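Everything on this sheet refers to the single structure shown next.
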Amino acid sequence: MGDLRGDMRKAMAEACKKEGQPPIIEKTVGSIWDHFKKSQPLVLAEKGLQDDWKEKVSVWELLQRSLEKYGIHPKIVEITMKKLKANERSSSCPPEKHWTNLRKKWIVVTSISHPTEQVIKLSRLPEFQLVVVADQKTPKDWTLENAIILSTEKQLQLGYNILQHIPWNAYTRKMIGYLFAIQHGAEIIYDTDDDNVPNILTDFDKYFAFGNTTRGFIAQSDVGEFGYIKNPYVHFGQRSVWPRGYPVELVGSATNNNYTVCRYTTPVIQQGLVNGDPDVDAIFRLTRKKMYKNIDIQFDGYAPQVVYPKGILAPFNSQNTLFHYDSFWALMLPVSVAFRVTDIWRGYWAQPLLWKIGKNLAFTATNTTQVRNAHNYLKDFAEENKIFLEAGSLVKFLAEWKCSSTDLYNCMVSLTEDMVTNKFWDEQEVSLVKAWILDLNCVGYTPPVIVKESKAGSSLCVNDFQTYSIFNGITSNSDNNNNATSINEKYELRKFCNFGFDVNTTVPKNIYPETLLVITFNFPHYEHIWLLELIYRPYFPNILYCGDGKTFKTREDLEISFVHANVTDGWSWYECALRAIDMNYGIRQNYIFLSDDVVFEFWKTEEYDKDEIWGYKIEDQLLDVALLNQSALVPQDFAWEWNRGDLGRVGCLKALTRIANESAQNELLAQFVKNRGEFGLPGTLMKVGMSDIFQLPRIKEDIFYEAGRIVRESEILLEMAVPLITTGISSPEKYVTMPGIWIWNEQRSDPFAHFKKVQNGVIFHPIKFSSIVGNQKLRKEYCDFYIKYLL
718 MGDLRGDMRK
728 AMAEACKKEG
738 QPPIIEKTVG
748 SIWDHFKKSQ
758 PLVLAEKGLQ
768 DDWKEKVSVW
778 ELLQRSLEKY
788 GIHPKIVEIT
798 MKKLKANERS
808 SSCPPEKHWT
818 NLRKKWIVVT
828 SISHPTEQVI
838 KLSRLPEFQL
848 VVVADQKTPK
858 DWTLENAIIL
868 STEKQLQLGY
878 NILQHIPWNA
888 YTRKMIGYLF
898 AIQHGAEIIY
908 DTDDDNVPNI
918 LTDFDKYFAF
928 GNTTRGFIAQ
938 SDVGEFGYIK
948 NPYVHFGQRS
958 VWPRGYPVEL
968 VGSATNNNYT
978 VCRYTTPVIQ
988 QGLVNGDPDV
998 DAIFRLTRKK
1008 MYKNIDIQFD
1018 GYAPQVVYPK
1028 GILAPFNSQN
1038 TLFHYDSFWA
1048 LMLPVSVAFR
1058 VTDIWRGYWA
1068 QPLLWKIGKN
1078 LAFTATNTTQ
1088 VRNAHNYLKD
1098 FAEENKIFLE
1108 AGSLVKFLAE
1118 WKCSSTDLYN
1128 CMVSLTEDMV
1138 TNKFWDEQEV
1148 SLVKAWILDL
1158 NCVGYTPPVI
1168 VKESKAGSSL
1178 CVNDFQTYSI
1188 FNGITSNSDN
1198 NNNATSINEK
1208 YELRKFCNFG
1218 FDVNTTVPKN
1228 IYPETLLVIT
1238 FNFPHYEHIW
1248 LLELIYRPYF
1258 PNILYCGDGK
1268 TFKTREDLEI
1278 SFVHANVTDG
1288 WSWYECALRA
1298 IDMNYGIRQN
1308 YIFLSDDVVF
1318 EFWKTEEYDK
1328 DEIWGYKIED
1338 QLLDVALLNQ
1348 SALVPQDFAW
1358 EWNRGDLGRV
1368 GCLKALTRIA
1378 NESAQNELLA
1388 QFVKNRGEFG
1398 LPGTLMKVGM
1408 SDIFQLPRIK
1418 EDIFYEAGRI
1428 VRESEILLEM
1438 AVPLITTGIS
1448 SPEKYVTMPG
1458 IWIWNEQRSD
1468 PFAHFKKVQN
1478 GVIFHPIKFS
1488 SIVGNQKLRK
1498 EYCDFYIKYL
1508 L
């Protein structure tokens, strides 16, 4: 270990410089060193440290405690310990790298076949380097452009400590590929098999999160005594399917579809789901198989990512799984359990350790179709027997497991030993994990630090904002008639309108799977959601309802999704747009936001430019909110009392001033300010307009969100807020004006008389469902004017 005191002094000095902190005075360094020596004098024998992990961990823990005792800033302690550990290398480390072209993103697979179609596609994944770990059955002439093959001979030359613990002809040899990738610069490892591949290679980053933070759901515990385990497939619409590794005795348990919505630190392990023949256990396959066709399960491909917080476990595998750098230690595959158990046991073992470092596991929507290699289901059943018998007790044990050490490697070995004691695997795993830790150290891996218990259990949200949501994934199965739901809804609409089957239209209507339709409520009239479902669900598979969640209640038979927003009686329902973006649906194209009382003839928008903003007409007159005041004579378009007060002029001036100030440090806001100037709205100039419906392209959601959050925090009325935001996104020439009509006061007593006067109208406002449902005359007019075109 060399001159540890000198190394410590140097590391602390570098850490202070990096963090802009004053250097630690020599007297304090001496006091830290004296405290450390008194803590463990035997470890500092003249012979120095041996390679034994316990001896090293003991030193690191004691030194870290000494640093903390003398009040050294936590960030300085963290950087110092990382530098010291990085300097320490086992004498058994391989002397050099074996491949000179370093890459940040790697794919690791094993294969005993010539390159499959899936492997060939993996080798073409942009920015990724594929490494294939061979075995004794792998063809000797295996070769593929853009792929590295680690032959059996090459593996022996690598010199890794784990080699003596991994048998031949075993899936666990994949660990050699992980170490090779880490040794050669990996920051991301995509763990998968040679029989599945992303469907669209160019959109790989649309499914997994690579940045520091991301948006989505945080799961809540299921009800009952088994709240520490969840079936992730339920979130993605398959309530009667369970993954390999889920305790079979819990299949069918009550689930909780409530979520927290916010921006959170990117999960370091992300399991992507797989369509077609996904990773289910042998019990599922044997009881659901059909002799004449393969299993073909379709998950909700648009469901938002869901992250599992501390205290909630879920099974995850080694297929279609993304590991970030801080989770590379969790790639160890146990060797004493069967092939069908090893990755599942690894996944469970990793999760309580993830919580120790303040990190988490997430599940993402499908990006892959599994073309599964041939399997003997009865053989799989025998290999999975340990899962069937022990998964339930294992997850209970892990949910309660504790580690008092402040070193991750120490906790890894401690958990491994405890699982041996409880007979979840054999003693040889302890030797393997020690060798694995040595190899991680050898290849230059820097492990993450353990965080304090209070921080590990705190909210995952990275800012103060969060809301709550109910989400139900779209249930789909290729065995179902895809038109069955649509036919049933049209039948219900005919009943509602008292139409016979002779009422039909020839209006062509498409289905919009890449659109998220967000229906907002000014007031909690949720009792009419059933009618909105009949109208829109056949054409918009992805619908989100939004309003005040405090009183949300709807029919139990409606499996819908809802998000809470502070709509404040409708004047700020545009907050629903921000909350929908926060949920991070997998839609590719656009959002359509509309009030529940808007009649929307969506089939007339087919030719609209989906890359630009749509909305009702924006008034032509320019208004300068810096000049207007409550007593001044204001333009007619600005004369509405609301516009002159705090929710209008005052809020707009506050928002525009703040946007201008923050644009110096925010590229999106800078672009927003630049756009406004180029679109004829510099400084405090703006326009107003009715805003009960508008369309937002997905490609422009980020700039909308950045401006929108400031507008919402400035508390601005809907009719001013939405034009303020959207006129900084689409130019007047590209803004799509949807023709329609807004009616007021006495006009609302006979709405359809006014609606019919509009030629080629697309939007009509308002129609109150309470009137439609309870008034036979209005219902008939509504059905003749609108519903018949949906049949």
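Our numbering numbers the first residue of the sequence shown as 718 and each following residue consecutively.
Just so you know, even glycine gets a beta-carbon here, dropped at the ideal spot from N, CA and C.
Bear in mind that the values here come from a model prediction, so they are computed numbers and not experimental data.
- DSSP places TRP1288 outside both helix and strand once states are collapsed to three, so it counts as coil.
- Pairing LYS1417 with PRO1440 gives a Cβ-Cβ distance that is not under 8 Å.
- For TRP1459, the enclosing beta strand (DSSP E) stretches over residues 1457-1459.
- Sorting LEU1495, VAL1147 and GLN987 by C-alpha distance to the C-alpha of TYR1126 places VAL1147 at the top.
- If you draw a straight line from the Cα of GLY969 to the Cα of LEU1413, it is about 39 Å long.
- With fewer than three CB-CB distances shorter than 8 Å, the stretch 913-926 does not count as touching the stretch 1275-1286.
- With a threshold of 16 other beta carbon atoms within 10 Å, ARG841 falls short and is exposed.
- In the displayed model, ALA1438 falls within a helix according to three-state DSSP.
- The stretch 1315-1333 makes contact with the stretch 1440-1457: 3 or more CB pairs, one atom from each, lie closer than 8 Å.
- For PRO964, there is no enclosing beta strand (DSSP E), as DSSP gives it neither H nor E.
- If you ignore the 5 residues before and after TYR1229, its C-beta comes within less than 7 Å of the C-beta of TYR1256 and PHE1257, all in its own chain and listed in chain order.
- In the DSSP assignment, GLN1476 is bridged to no other residue.
- Secondary structure note for TRP823: its beta strand (DSSP E) is the uninterrupted segment 822-827.
- Judged by beta-carbon spacing, THR931 lies beyond the 8 Å limit of LEU990, meaning their Cβ atoms are not closer than that value.
- An exposed status is given to GLY747, since fewer than 16 other beta-carbon atoms sit within 10 Å of its beta-carbon.
- The beta-bridge partner set that DSSP reports for TRP1331 consists of GLN1412 and VAL1453.
- Pairing LEU1233 with ASN1259 gives a Cβ-Cβ distance under 8 Å.
- A contact is defined here as three or more CB-CB pairs under 8 Å, and the stretch 1048-1065 meets this definition with respect to the stretch 1021-1032.
- Going by DSSP, TYR1094 is part of the alpha helix (DSSP H) stretching over 1094-1100.
- Excluding its 5 nearest sequence neighbours in each direction, ASP1097 has C-beta neighbours in its own chain below 8 Å: ASP998, ALA999, ARG1002 and ARG1057, listed in chain order.
- Of the other Cβ atoms in all chains shown, 16 or more fall within 10 Å of the Cβ of LYS891; this residue is therefore buried.
- Using a Cβ distance threshold of 8 Å, GLN846 and ALA926 do not count as a contacting pair.
- When the beta-carbon positions are compared, ALA1438 and TYR1291 come within less than 8 Å of each other.
- A distance below 6 Å between beta-carbons, with the five flanking residues on each side excluded, links LEU780 to the following residues of its chain, in chain order: PHE753.
- Between TYR1308 and VAL1428, the C-beta spacing is not below 8 Å.
- Put simply, the stretch 1011-1020 does not touch the stretch 882-900. Fewer than three CB pairs are less than 8 Å apart.
- Residue environment for SER1289: buried (at least 16 other C-beta atoms within 10 angstroms of its C-beta).
- With a 10 Å radius around the Cβ and a threshold of 16 neighbouring Cβ atoms, TYR907 comes out buried.
- Residues PRO1456 and GLY1457 of the same chain have their beta carbon placed closer than 6 Å to that of GLY1478, with the five preceding and five following residues left out of the count.
- Within the stretch 947-1016, the runs of alpha helix (DSSP H) that reach at least 4 residues and sit entirely inside it are, in chain order, 949-952 and 999-1005.
- DSSP, read as helix, strand or coil, puts VAL1023 in strand.
- When the Cα atoms are used, PRO856 and ALA903 turn out to be separated by approximately 27 Å.
- Beta-carbon to beta-carbon, TYR1333 and GLY1397 are separated by about 19 Å, too far to satisfy the 8 Å threshold.
- Contact between CYS733 and ILE829 does not hold, since the beta-carbon distance rounds to 53 Å and is not under 8 Å.
- Look at THR1237 here: in three-state DSSP terms it is strand.
- Per DSSP, the continuous alpha helix (DSSP H) segment holding TYR1126 begins and ends at 1125-1138.
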